[in-house]
Amino acid sequence: RPNEGKIDFFIDCSANATPEFEGRGGERLAEEISNTLTKAYESQRGFDLSALCILANHQCWKLYVDVLVLECGGNLFDAISLAVKAALYNTRVPRVSTAMLDGGSMDLILTDDPYDCERLKVDTVPLLVTVCKIGEQCVVDPSAEEEECSAVSVVVGVSCRPDGKQSITTVRTSGEGSIHMDTLQKCFDLAASAASSLNSALTSAMKEDEKRNSSAQGKRKIFGFLK
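Now the structure itself:
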């Protein structure tokens with residue numbers, strides 16, 4: 001879109017995490033996670049890509065999110081989405097201003113102050129929640145063993161807004177089994193409930209970490225551009 005920026009995800013599933021990642025196994029899973037994150041973030045109800053626009057139809061920021069998986073205990077979609085949101089919370093974008101040149105062209109001026117940055121708004125950034133159907137039950141936060149026992153799993157991207165409202169930004173199903181519409185709705189309800197709890201816990205942890213870092217920063221001397 002002409003008034004939005006871009007965000008790309010690159011997932012690397014190391015073969016050290018599990019033997020299943022050797023060869024093409026890790027590449028296939030990495031591609032699935034990357035595609036799911038991309039769809040979740042491209043939704044207008046998820047991440048605000050317009051915040052990355054510098055000059056509509058001309059210039060924008062493009063964020064690259066690199067994820068390296070070193071250990072796998074199952075439920076990778078959920079864990080990676082939490083890590084991505086935490087990383088974006090700590091991301092700062094340099095402030096850019098524009099100036100009109102002769103001939104009507106625009107020149108972009110990037111600030112030379114390393115502290116003159118803007119924070120990204122991550123309030124509505126979606127989280128991925130995996131719900132596995134095992135027998136007649138739906139299981140949230142499945143382990144690797146539970147995923148193997150599942151006939152079908154549903155990955156739901158849930159955006160939680162500050163006013164308490166939620167939106168589903170993407171849905172991905174996998175497995176050889178089928179799922180009834182009533183069961184699918186149950187999966188959505190479980191995902192929404194889990195996402196609300198996860199988002200609250202993550203937000204509290206990020207704010208507490210920021211407060212702790214700010215307090216520690218004020219106690220040590222600053223040399224040059226180093227914090």
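Counting from 1, position 46 in the sequence shown corresponds to residue 46 in UniProt numbering; the numbering is continuous, with no gaps. Just so it is clear, CB atoms sit at the ideal spot from N, CA and C, and this is done for glycine as well. Note that the structure is a prediction, hence the values are computed from the model and not measured.
- With 16 or more neighbouring CB atoms inside 10 Å of its own CB, I80 falls in the buried class.
- For the beta strand (DSSP E) assignment, the uninterrupted runs of no fewer than 3 residues enclosed by the UniProt domain "Exoribonuclease phosphorolytic" (125 to 193) are, from N- to C-terminal side, 127 to 134, 137 to 140, 152 to 160 and 166 to 174.
- Minimum Cα-Cα distance from L202 among the listed residues V84, G46, E42 and E71 corresponds to V84.
- With a threshold of 16 other beta carbon atoms within 10 Å, K207 falls short and is exposed.
- Put simply, the segment 51 to 69 touches the segment 10 to 27. At least three CB pairs are less than 8 angstroms apart.
- With 16 or more other CB atoms across the displayed protein chains lying within 10 angstroms of its CB, D78 is buried.
- Residue state for T111 is assigned as coil, using DSSP reduced to three classes.
- For the set L120, V139 and F21, the Cα lying nearest the Cα of D48 is the one of L120.
- Under the three-state reduction of DSSP, S14 is assigned to coil, being neither helix nor strand.
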